[in-house]
Each structure stands twice: as C-alpha cells, then as structure tokens.
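Engineer: Shown below is the structure under consideration.
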Amino acid sequence: MKRFVLPCLWAWMSVLGGCGQPPVPDDEPICVEGRFFARPVAGGSCQRYQWSCDVPEDAVLCCGGLAFGGCPASLSCEDDPLDACESGQTSDCPGICQ
C-alpha cells in the first residue's frame, strides 16, 4: 500500500500543477469578413478588402458615396481633402472616416 501512495501523490500533484498555468494569450487579431474600403494616407483611390485584417494599418477608411457605406461608431464620415470632389455634392464622391 505504501509503495502506491508516493506515485499517486506525485501524479496528483503534476495534474494540479498543470492547472495553475495561465492560458497563453492569442496575439492574432480578430478578423471580420465583410466589405472594407480604404486608401493610402498619401491619397489615391479606395480599394476593397474582404477581411478587416487585410486593411493596411496606415490606411484611411473610405466612406459615403454609392458604395462605401458608413464609418465605425467612433468615427464620422468627412470630406476627403485629397480628392477633386466635395462630399455631399455628388453621390459617387467618397469621404474618409475621421
């Protein structure tokens, strides 16, 4: 009986010791599928991205016009100072989220 106590105690402690480890955080960003439009900060045309993770970090989100939709809740759609049209003047003039 005594020879089983120590191995059982060791096995029990190893099981409990493994439970105390914190979970490894997942550093992968959460990607959302949808329609995302963005352009380079320096200007240019708006490009469509299927996944939110595909939008470059330094890009500006496009909004308004016929196809670009709205901005995330924390931003508003403003006139893009780098394009030749004014938001609200024509239906195909996009703005940028700021």
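Take -1 as the starting number for the sequence shown in this note's numbering and just add one per residue. No residue lacks a Cβ here, since even glycine has one placed at the ideal position from N, Cα and C.
Rounding to the nearest angstrom, what Cα-Cα distance links Gly32 and Trp49 in this structure?
Structural biologist: Approximately 6 Å, taken between the alpha carbons.
Engineer: Where Pro38 and Glu26 are concerned, what is the direct C-alpha to C-alpha distance, given to the nearest angstrom?
Structural biologist: Cα to Cα, Pro38 sits roughly 23 Å from Glu26.
Engineer: Judging by CA-CA distance, which residue of Gly67, Ala36, Ala65 and Ala71 is the nearest neighbour of Glu55?
Structural biologist: Nearest C-alpha to Glu55: Ala36.
Engineer: Compute the Euclidean distance between the alpha carbons of Phe34 and Gly42, then round it to the nearest angstrom.
Structural biologist: So the alpha carbons of these two residues sit roughly 16 Å apart.
Engineer: Can you give me the start and stop residues for the beta strand (DSSP E) that Gln48 sits inside?
Structural biologist: Where Gln48 is concerned, the enclosing beta strand (DSSP E) stretches over Gln45 to Trp49.
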